[in-house]
Every structure is written in C-alpha cells, then in structure tokens.
Amino acid sequence: MTNRISERTYYPILFSIFLGLQSFFSGCKTLESLFNPIYITAGFEDSSILFYSRESSARTLANDIIPNQTELSGNNEYRTHNFSSTERGFFTIGSLPQRPWKDLPYMKYFAYKFSIESPRLYRGTLLHYPDAGFSLNDVTLDYALQINGPDPLYSRKVDYMYYDTRAFATLYAGYFDNPNWFLGFGFGLGVSQYSLQLVENQREISDIRNARRNIYNTSLIYGYEIGKFFDRTILDQTYFFVEITNEFLFQNPIRATVLTVNGATPDSLYLSLQYFRIGIIKEINLIQK
15 MTNRISERTY YPILFSIFLG LQSFFSGCKT LESLFNPIYI TAGFEDSSIL
65 FYSRESSART LANDIIPNQT ELSGNNEYRT HNFSSTERGF FTIGSLPQRP
115 WKDLPYMKYF AYKFSIESPR LYRGTLLHYP DAGFSLNDVT LDYALQINGP
165 DPLYSRKVDY MYYDTRAFAT LYAGYFDNPN WFLGFGFGLG VSQYSLQLVE
215 NQREISDIRN ARRNIYNTSL IYGYEIGKFF DRTILDQTYF FVEITNEFLF
265 QNPIRATVLT VNGATPDSLY LSLQYFRIGI IKEINLIQK
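Heads up, the sequence shown is in the numbering used here, so the first residue is 15 and it goes up one at a time.
Structure, rendered in structure tokens:
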C-alpha cells in the first residue's frame, strides 16, 4: 500500500479545486454564473503516443534470467515498445486562462484553466513486451535481445487498442495578455479514464476497462482574438490558438494483466502523450445579457 490518494478521488478533487477557485475569486452567487461563460475548443491535433518501460541501469545475465528482479528506481532510461503519431480533429469544453488575482502583488503573471477533452483512440503493435518471447531454455538468445533492444524480426509482437478521455486543471506560472492576445506557460494535473486491450496471435491476453491514472504535463499556449473582426456574427468572441503539450515520463504506469513466457510479472508499462494543437476557442454565454 502507498500513501497516494486513490485515483477514484481525483475527479471530485479537481472539481472541488475549480469550484473553490471560482467561488473565492469571483464571488459567484448562482450556479449559472459559476459556469458562465464556457468555452468550446475545436481544431486539429497532431499527437504522438509512446509506450515504454524502465530500462534496468545494471543489466547482467543473472538479473535478466531471474524473474521479478527489483528495478533500480533511480534510473530514468526507458525502452521503447511503440512510438507512433496520428492526426485527428478534437474538441474540449472548459475555460480560457483565468486571472482573477491579477491585482494582487506578485500574482499578475499567474493564471489557471480547466478542460474536459474529447476521447482518443490509438491502435498499434507493442514490440518486445511483455518480454522478448523466449523461454529460459533460450538464455543466450533472450539475453542478446534484451541487451540489443527489440528486433521486429524476432521480438514478441502484441497488438494494442488504447482509448481514453481526460480532464485537466492547468496552472500557468508565466502568463501575459492584453485585450487582443494571451500567452501562457504552465503545469497541468489531469485524470485519464482509459481502456487497454492487448491481443497476441488473434487471442486476447489482457483487457483493462475504465481504469484511471493521473497525468502531469507542461503546456505552452498562445491565443489571439479573431472575433473582433466578425462582430455580431457566429465568430464573435472567438479566439485562434496554438498549443503544445508534453507529458512527464515515468508517472503512473498503465495496467496490463500479462505475464512473460516464464510466468513472471513484466516490467511496468508506461504511456506518454505529446501533442500540437491548432484551432479556435469559442465563448458561449449561458446567461442572456
């Protein structure tokens, strides 16, 4: 057991943080004003997904053939099992960066925002996971593959289907704006609800559904108000934006109920996403003026 807060509590925690910030700084009186306005974001996303495991920092023949060896936790080298990119459309519901404390000393460059993102679906093949696919009878070949890395001709291949939805709260520690544009760099805390299916030789070997994990990332965003050029049209109160996001490595592995060919538990499988977005942010007022 660890002292970490259960993942099931993070959705209400993020929601409570958002409500607390909004209530404290804006002094909202009603539920309608608390959530007004909201912002719908839509556009194009170029995302990269990386599946990887921790590379042992002290590889020897002994710790390769003896199952369940303890990893050296201080090593941040990783072994790639799949890296792929995809382009897709996306949408989110959330807010623009908010800066209710801009009149407070030393706080004018801080802001926050929240977002709930549209689902993602990725398909591909994991190489060399959960292991090379050779038994202890093939010690020499197995050890050579472990040291030299995955080889598509020999390594074990497992097809995956990964699906997730995400909610984020971002704190911008460097935020600048004027009436026409904004620019921010911040750190995000999010929750991912995901499902992961692994299939080998047309046989399902793992099926995890509706699991949760915590996500930490950095984000750089730039927005420009284009709505001022389209007054009294559907594009009124609309922003053009560009955003780059990168997730931290070795944070909260994803679950996979698989074993090596020798019946041992494999190294933890991690996942990290990086994406570039371009699109528009549209303000929606829920209360008629």
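We treat Cβ as the ideally placed atom computed from N, Cα and C, and that holds for glycine.
message = At the level of alpha carbons, what is the spacing between E214 and A56?
response = As a working note, residue 214 is residue 200 in the sequence shown. As a working note, residue 56 is residue 42 in the sequence shown. Distance between the alpha carbons of E214 and A56: 36 Å.
query = What residue does the beta strand (DSSP E) around K127 start on, and which one ends it?
reply = Counted from its first residue, the sequence shown places residue 127 at position 113. Per DSSP, K127 belongs to the beta strand (DSSP E) from A125 to E131.
key: Residues of its chain near I240, where Cβ-Cβ distance is below 8 Å and the 5 sequence neighbours each way are ignored   = On the sequence shown, residue 240 is found 226 positions in, with the first residue counted as 1. Once the five neighbours on either side are set aside, the close Cβ partners of I240 are L249, T252, Y253, F254 and I294.
ask   = With C-beta atoms as the reference, is I222 less than 7 Å away from R291?
value = Within the sequence shown, residue 222 is the residue found at index 208, counting from 1. Within the sequence shown, residue 291 is the residue found at index 277, counting from 1. Not a contact, by the Cβ cut-off of 7 Å.
request  = Give me whichever residues DSSP pairs with W195 in a beta bridge.
outcome  = Along the sequence shown, read from residue 1 onward, the residue named residue 195 stands at position 181. Paired residue(s): Y238.
query = Residues in its own chain within less than 8 Å of D139 by CB, not counting five upstream and five downstream?
reply = In the sequence shown, residue 139 corresponds to position 125, counting from 1. According to the sequence displayed, residue 139 carries Thr and not Asp. For T139, where only same-chain residues beyond five positions count, the Cβ hits under 8 Å are N96, K171, V172, D173 and Y174.
message = Contact defined as beta carbons within less than 8 Å: I believe S129 pairs with T100. What is the distance between those atoms, to the nearest angstrom?
response = By one-based count along the sequence shown, residue 129 stands at place 115. By one-based count along the sequence shown, residue 100 stands at place 86. Actually they do not touch by this definition, with Cβ atoms about 20 Å apart.
ask   = In or out: T60 buried (at least 16 other Cβ within 10 Å) or exposed?
value = The residue labelled residue 60 in the question sits at position 46 within the sequence shown. For clarity, residue 60 is Asp in the given sequence; the question names Thr instead. That one is exposed.
ask   = For P119, is the classification buried or exposed, using 16 other Cβ atoms within 10 angstroms of its Cβ as the cut-off for buried?
value = Counted from its first residue, the sequence shown places residue 119 at position 105. Exposed, because fewer than 16 other Cβ atoms sit within 10 Å of the Cβ of P119.
message = Just verifying my parser: in three-state terms, what is the DSSP assignment at F254?
response = Within the sequence shown, the letter at position 240 stands for residue 254. The answer is strand: DSSP assigns F254 an E or B state.
task = Measure the C-alpha to C-alpha separation of E257 and A187 and round it to an integer number of angstroms.
result = Numbered from its first residue, the sequence shown carries residue 257 at position 243. Numbered from its first residue, the sequence shown carries residue 187 at position 173. If I take the Cα positions, the gap works out to 16 Å.
request  = Within the same chain, show all residues whose beta-carbon is closer than 8 Å to that of F124, passing over the 5 residues directly before and after it, in chain order.
outcome  = By one-based count along the sequence shown, residue 124 stands at place 110. Result list for F124: R113, W115, L185, Y186, A187 and Y189, in chain order.
key: Span of the beta strand (DSSP E), counted from its first residue to its last, around E96   = In the sequence shown, residue 96 corresponds to position 82, counting from 1. A small fix is needed here, since residue 96 is Asn in this sequence, not Glu. That run of the beta strand (DSSP E) goes Y92 to G108.
message = For F104 and L141, I'd like the C-alpha separation in whole angstroms.
response = Looking up residue 104 in the sequence shown gives position 90. Looking up residue 141 in the sequence shown gives position 127. Each residue's alpha carbon lies about 29 Å from the other.
ask   = Residue range of the beta strand (DSSP E) that I295 falls in?
value = Taking the first residue of the sequence shown as position 1, residue 295 is located at position 281. Start and end: Y284 to I298.
query = In the DSSP assignment, what are the bridge partners of S62?
reply = As a position in the sequence shown, residue 62 is number 48, starting the count at 1. For S62, which the question treats as bridged, DSSP gives the partners S99 and Q288.
ask   = Going straight from the alpha carbon of N266 to that of G277, what length do you get?
value = Residue numbering aside, residue 266 sits at position 252 when the sequence shown is read from its first letter. Residue numbering aside, residue 277 sits at position 263 when the sequence shown is read from its first letter. Computed Cα separation, rounded: 23 Å.
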